[in-house]
Amino acid sequence: MSLTITCPICGKRDGYEFRFGGEDKGPRPDEDGLTPQRWCEYVHLNECVAGVQKEWWVHKDGCGSWFTIHRDSVMNVEVATPEAHK
Amino acid sequence: MVEIKRYSPVAFKAFPKRTEARDNWTVVLEYDGEGQGANCLVDLSHITRLDVQSSNLDAITPFGITIPQGLCDSVLQDGVLINRMNSIQASVFCLSGKRPEMPAESSYTETTEVGMCMAIIGKDVFSITEKLTSLDFMDSAKITPFLYQAPMSHIPCQIITLSRDGAKSGILFTASRGYGKDMVHAIMDAGAEFGLKPAGEDRFKSWLNTL
Amino acid sequence: MITRINQLPTLRVDPANKVVFDYKGKDYVGVKGDTVATALYHNDVRIFGRSLKYHRPRGLYSLDGECSNTCMEIDGIPNVRTENTLVKQGMKVKEQNVKGSAENDMMGFIDKLDWMMPAGFYYRTMHKPASLWPVAMKQIRKAAGLGVLSPDFEMPGKFDQIFPSADVVVIGGGPAGMNAALAAADKGLRVIIMESRPWLGGFFDYRTFDYRDAQYKNSKPLYSRARELASKVESHANIRVFKHTSVVGTYTNNLVTGFQIGTENDKFNERYIEVRAKSVVVAAGCIERPLLFDNNERPGVMQVACVHRLAKTYGLLAGEKAVFSVGHDLGLEAAVDLFDLGMKILCVADVREDGQNPYLMIELAKRNIPYLKGWVASKAHGSKLVNKVTMTTIDGTISRDFDCDLVVASAGLTPINGHLTLAHATLRYDSHTNFFVADKMPEKTHAAGRMLGLEDSLSIEISGKLAGLKAALDCKLMPQSYGNTETDALKSEIDSFTAQSKELPGPARGSKFVTAPVKGRKTFICFDEDTTIKNIKQAIDMGFDVPELIKRFTSAGTGPGQGGIPGHNLPLYVAKYLAESGAPPKPTNVRPPLVPTLIATYAGSKHIMMKRTPMDEMQRADGGVFRKIGVWERARYFSDDFSCKKEIENVRNNVGMLDGSTLGKFRIHGPDALKVLQRVYVSDMSKVKTGRVKYSAMCNDDGCVIDDGVVIKLGENDYYFTTSTARAGATIEWLRYHTRFDGWDFYVINLTDSMGVINLSGPNARKVLQKITSEDVSNSAFPFSGYKEFIIKDTIPVKAMRLGFVGELSYEFHVPSSYMVSLWNMLKDAGKEFNIQNFGVEAQNVLRMEKCHIILGQESEQRTNLLDLGLGFLWDRTKKDAKTIGAVALRQAENDPTRFRLVGFEMENNGRAARDGALIVDDKVRGYVCTARDSFSLNKAVGMALVESHLAKVGTRLEIFEDECGGERIYGTVVPMPFYDPDGKRMKS
């Protein structure tokens with residue numbers, strides 16, 4: 001896999017050591033007053049940015065930690081900051 | 001009457017020449033015709049291993065040894081190897097082979113049984129590992145001993161590089177116990193062209209003394 | 001057999017060292033260093049095979065395996081590129097895609113039928129009527145294609161893989177590549193250089209011509225300069241050389257993949273190579289752009305380097321009388337060189353108006369070789385081999401025939417850009433070099449040498465050096481690297497070499513695109529796919545205007561050569577044909593692998609990594625029939641009766657043992673451990689009592705069940721829990737993911753492999769257990785759902801649970817894996833008097849099905865939620881603050897009438913059990929059978945199914961549709977669950 005991902009614990013590694021955990025959508029909303037619509041949006045709706053997005057990854061074959069990176073979804077490369085590839 | 005014995009997940013196609021009964025394990029000290037070949041593979045699955053987790057890891061000193069601060073740093077002291085896995089977790093290997101007195105704190109979990117544990121020692125260790133993993137053991141930014149938490153032959157492992165000094169080179173690794181048989185097969189196959197042979201615990205210990 | 005020139009200093013063969021191999025059942029003799037192709041050529045083989053579609057004779061053309069002309073079957077492996085394969089003693093070589101022989105192919109007549117097969121004719125003609133296609137396909141498959149592989153073919157040889165670490169990877173071992181490698185290695189970096197030929201040297205390697213000698217101090221010919229560089233490279237401590245290694249993929253983040261062909265001393269036939277470099281230098285050089293004229297692929301037509309290298313590298317003169325039609329200086333050089341080796345050169349035609357190297361012109365004149373400026377070959381003659389060529393002026397006004405046995409044809413040069421474009425370089429057409437050149441380079445990638453259009457040897461070398469230094473700078477600028485002073489020094493070194501290189505000749509002017517003035521019916525633009533210029537015109541006339549689409553429609557460039565032959569000509573031709581549009585030529589895309597690669601090479605050493613339980617060996621010895629189930633090897637049956645009648649009856653009536661070690665097992669502790677359990681489990685985990693097991697389930701955010709298992713409280717905020725086998729690997733990840741914003745303090749350890757699990761089940765289970773422990777295991781002291789820890793024989797610590805998955809009195813022992821065999825043997829020993837037996841996963845499956853205990857993945861799929869399965873009682877609705885995963889969705893699904901329900905059913909009229917996965921239907925699909933078996937305990941066939949809720953009522957008749965049932969339905973009736981021991985008396989007794 002050409003993708004490399006930088007794990008905050010283990011450093012830069014081959015992408016296949018990791019599993020994708022979705023776009024960063026913040027913490028779970030409180031259940032009180034939660035509409036089905038809003039819940040569905042939180043769980044299922046994604047931005048699918050053609051460009052740099054912040055997303056969660058887990059180092060499943062390594063240290064097991066969850067963390068976020070910025071990835072350019074067009075070139076499929078990790079970028080240091082959201083601005084890096086604009 | 002059934003005799004109570006403990007079995008390693010690792011078995012070599014070699015005859016034990018000298019063994020020692022230890023804590024119900026039959027530890028092979030030397031294999032028949034083991035010799036002093038350039039590269040060897042040693043089963044250390046019987047050595048006691050511990051997992052220690054705490055949000056205040058600094059306050060914990062396994063067997064009186066300070067856990068290294070740096071992520072993925074390791075320390076080898078008095079036959080105990082401690083590897084910093086992340087900010088709250090470390091693994092402890094009691095390389096002496098003797099069962100130590102277990103620390104009482106609940107932050108410890110014994111993990112001896114979780115995995116196989118093996119050492120690959122010799123001048124061609126990294127020629128063998130490069131057939132099994134893309135990890136860069138020669139990374140000049142790292143200082144031995146250091147920890148890799150990464151796959152080898154596709155299986156997640158903890159790999160500690162203890163030495164990368166020519167003929168003294170050697171690594172120690174653990175991985176899920178269930179993969180024992182296939183892992184030995186993969187390593188022996190990769191090491192065949194370098195004359196990799198199984199060796200007993202004595203070989204490991206004398207090597208450890210040189211570090 | 002042609003005589004080999006034995007005394008050349010450039011030879012890469014050892015004429016004294018004979019190699020005997022078999023070609024079509026007869027012994028042939030080559031020499032060490034020969035490729036199969038050169039050895040055959042030496043033995044007068046001229047026709048190597050027949051083409052894909054028209055069965056035209058084909059022969060040596062490029063000598064670098066750029067087309068399928070010379071693919072053959074070697075040692076049973078079809079489609080081997082003979083130009084890239086060294087001949088070995090005893091090798092068995094056969095031609096392919098011929099009926100008869102390559103020499104006399106009975107399918108050769110098809111060549112005359114080309115008018116029946118315009119571009120895209122398969123797509124356009126064979127589909128009406130639709131029934132025609134299968135018939136047509138069969139006939140076409142018989143006639144067309146390359147090698148044939150039998151279905152039971154097993155790949156011979158040893159394959160391996162290697163993932164070496166390096167700072168800089170250099171692609172190409174020619175003069176530029178070697179300079180790059182040395183420059184980077186001298187800066188202390190670890191360099192890997194990959195070269196597709198079995199030696200380093202590139203296009204210097206075979207050249208002795210001395211017009212450039214003066215530029216080296218000691219008047220060195222190019223080949224000695226190459227060997228001098230090669231010896232420096234090979235002896236450099238920081239450089240690893242991979243020869244006979246084709247790079248097949250280059251990707252973002254400097255990932256380079258390739259494969260190496262082993263030498264006699266290697267332990268592999270081929271091995272896959274993958275390197276993640278910090279920086280990459282691409283110095284892949286050029287190949288030749290084929291000249292387009294009629295019969296331009298007739299055996300006897302060859303490219304310049306093919307003829308030149310045949311002579312200088314292999315000592316073989318390709319023909320006696322040659323006509324050259326070229327477009328670059330290497331062609332002139334080859335003519336002079338070959339003349340000196342004794343070849344008769346009838347004339348050298350050059351499509352260029354000007355720009356020829358004056359030294360070469362003088363050398364041609366000295367040898368009285370006729371030189372035709374502005375002329376080009378227009379047609380090769382000869383039915384199988386070239387015996388004549390028609391030469392024409394470019395405007396087509398004058399032509400002249402030459403009797404000859406060799407036409408050396410080359411329109412120009414073309415850079416090997418695939419390594420750049422795969423890594424996302426964009427190309428633009430450069431009208432000076434007439435090359436596609438990289439417009440935007442991939443990050444940390446540097447091109448060098450001839451692919452930049454350079455022709456001057458010193459320019460090429462310095463461009464390599466510069467690329468190597470730039471790659472070194474990339475590495476040193478990375479974090480965790482050297483000090484700034486060093487990068488400053490490196491930068492100024494780069495500046496000074498850049499200045500030096502400006503003093504030297506830059507990119508040379510390339511020859512313009514010229515085609516012979518012919519119609520193109522037999523002018524082949526792609527040899528692999530038999531695509532002619534006429535086909536391209538047809539495609540354009542049908543409206544295709546982009547080379548990438550024309551490539552698809554005509555299949556030009558989709559063969560084994562991967563566009564090596566048509567890659568440059570196709571876009572040039574399209575641009576020329578569409579001249580009025582004024583658009584620059586657009587290149588077609590290349591894809592990995594750049595060079596045909598064996599699947600076996602990708603598979604490498606093929607280690608299958610499976611998990612085995614501590615009982616593995618013993619259960620095999622006991623007759624266990626093993627299956628791969630998830631990551632585990634598991635004993636599924638213990639006899640060849642796959643209905644498991646005996647195993648099942650033994651558990652129901654006596655006592656059996658199952659190895660359940662694959663179950664997921666975890667310890668979670670730390671101040672916030674309970675909070676985590678409350679988040680992931682649907683039940684209220686604060687109610688877990690010490691000494692009891694709590695069964696619960698985990699859902700995902702849609703309320704769908706992903707896992708079930710038991711939780712045991714070991715202490716305050718200290719729990720032991722189990723997961724299903726399949727979920728074990730993802731459990732810690734799941735816990736951490738769903739608490740990632742909370743900052744909770746908890747610790748999880750995966751103990752799956754550390755604990756073996758023995759399931760002791762059956763009415764006699766207690767009697768067996770009591771024999772090995774003094775612990776009170778009576779029903780009152782150790783009741784159903786109880787949990788106990790005890791130590792067997794003062795040695796083996798055991799976690800014991802009273803569970804009832806199989807519906808009988810049942811104990812589950814979790815025991816340290818190393819002790820598992822010992823404990824198992826104790827139980828087996830104790831159970832001898834009852835005739836205790838093994839049971840496997842399938843027996844367990846039936847036993848629990850009779851009890852209607854679910855297995856996730858069997859009684860559920862991705863959309864099945866907790867309520868569908870009737871497990872709603874597990875869900876605690878009051879713990880809203882826990883933000884339990886799935887709770888929101890379950891609340892929304894609670895009154896949803898469209899959801900499926902899990903029901904039990906029995907087959908009508910004592911019928912056999914429906915197959916798992918069979919559909920429940922009326923006029924629509926209404927559900928499916930999850931698990932159904934003939935139950936020996938109940939003497940009828942029963943099962944569970946997920947059905948639409950209106951079919952869930954007891955007594956409802958279910959119509960069941962099985963795969964390939966031919967319209968024949970079977971029927972079942974919904975009955976109450978569970979089927980066996982509905983009150984649970986047996987498991988609680």
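Chains as they are written, first to last, in my numbering: chain A, 1 to 86; chain B, 1 to 211; chain C, 1 to 989.
Quick reminder that beta carbons are idealized off the backbone N, C-alpha and C, glycines included.
How close, in whole Å, do the beta carbons of residue i and residue j come, if the pair is a contact with beta carbons under 8 Å?
i: Asn750 of chain C; j: Ile732 of chain C; result: 6 Å
i: Thr4 of chain A; j: Asp14 of chain A; result: 6 Å
Tell me where the beta strand (DSSP E) around residue i begins and ends.
i: Asp340 of chain C; result: Note, Asp340 of chain C: premise wrong, no beta strand (DSSP E); alpha helix (DSSP H) at Asp329 to Asp340.
i: Tyr61 of chain C; result: Note, Tyr61 of chain C: premise wrong, no beta strand (DSSP E); not H, not E.
i: Val58 of chain A; result: Val52 to Val58
i: Val348 of chain C; result: Lys344 to Asp350
i: Ala635 of chain C; result: Trp632 to Tyr637
Would you call residue i buried or exposed, if buried means 16 or more other Cβ atoms sit within 10 Å of its Cβ?
i: Lys217 of chain C; result: Confidence at Lys217 of chain C is low in this model, with a pLDDT of 49, below 50, so its placement is unreliable and the value that follows should be read with caution. That one is exposed.
i: Asp367 of chain C; result: As written in the sequence, residue 367 of chain C is Arg, which differs from the Asp given in the question. It counts as exposed.
i: Pro27 of chain A; result: exposed
i: His44 of chain A; result: exposed
i: His607 of chain C; result: buried
i: Ala176 of chain C; result: buried
i: Leu406 of chain C; result: buried
i: Lys465 of chain C; result: buried
i: Met1 of chain C; result: exposed
i: Lys312 of chain C; result: buried
i: Ala214 of chain C; result: Confidence at Ala214 of chain C is low in this model, with a pLDDT of 45, below 50, so its placement is unreliable and the value that follows should be read with caution. Ala214 of chain C is exposed by the Cβ-count criterion.
i: Ile791 of chain C; result: exposed
i: Gly90 of chain C; result: exposed
i: Leu113 of chain C; result: exposed
i: Phe20 of chain A; result: exposed
i: Leu341 of chain C; result: exposed
What does DSSP give as the partner residues of residue i in its beta bridges?
i: Leu255 of chain C; result: C:Tyr251 and C:Arg276
i: Gly11 of chain A; result: A:Cys7
i: Asp495 of chain C; result: According to DSSP, which records beta bridges pairwise, Asp495 of chain C is partnered with nothing at all.
i: Ser399 of chain C; result: C:Thr392
i: Ala1048 of chain C; result: An answer regarding residue 1048 of chain C cannot be provided, because it is not within the stretch 1 to 989 covered by chain C.
i: Asp659 of chain C; result: C:Ile758
i: Glu789 of chain C; result: C:Lys799
In the DSSP assignment, the alpha helix (DSSP H) including residue i goes from what residue to what residue?
i: Cys704 of chain C; result: It is not in any alpha helix (DSSP H) - Cys704 of chain C carries neither H nor E in the DSSP assignment.
i: Phe146 of chain B; result: No alpha helix (DSSP H) contains Phe146 of chain B, which is instead part of the beta strand (DSSP E) from Phe146 to Met152.
i: Gly180 of chain B; result: Gly180 to Gly191
i: Thr1036 of chain C; result: As displayed, chain C neither begins before 1 nor continues past 989, which places residue 1036 of chain C out of reach and without an answer.
i: Ser989 of chain C; result: Careful: Ser989 of chain C lies outside any alpha helix (DSSP H) and carries neither H nor E.
i: Ser68 of chain C; result: Taken as a continuous stretch (DSSP letters only), Ser68 of chain C belongs to no alpha helix (DSSP H), as it is neither H nor E.
i: Ala39 of chain C; result: Val36 to His42
i: Ser224 of chain C; result: Leu222 to Ser235
Under 8 Å, Cβ to Cβ, is there at least one residue of chain F near residue i?
i: Phe741 of chain C; result: As a matter of chain content, chain F is missing from the structure shown, whose protein chains are A, B and C.
What runs of the beta strand (DSSP E), each 3 residues or longer, lie entirely inside the stretch 796-834 of chain C? 796-802 and 810-816
Which ranges does the beta strand (DSSP E) cover as unbroken runs of at least 3 residues, wholly within the stretch 10-63 of chain B, from first to last along the chain? Listed in chain order, the complete beta strand (DSSP E) runs (minimum 3 residues) inside the stretch 10-63 of chain B are 16-22, 25-31, 39-43 and 49-53.
Let me know the beta strand (DSSP E) ranges lying completely inside the stretch 147-194 of chain C, each 3 residues or longer, listed in chain order. Those beta strand (DSSP E) runs which fall completely within the stretch 147-194 of chain C and span 3+ residues are 159-162, 168-171 and 191-194.
At 4 residues or longer, what runs of the alpha helix (DSSP H) sit wholly inside the stretch 570-629 of chain C? Listed in chain order, they are 599-603 and 616-621.
What are the complete beta strand (DSSP E) segments, minimum 3 residues, inside the stretch 488-544 of chain C? Correct list: 524-526.
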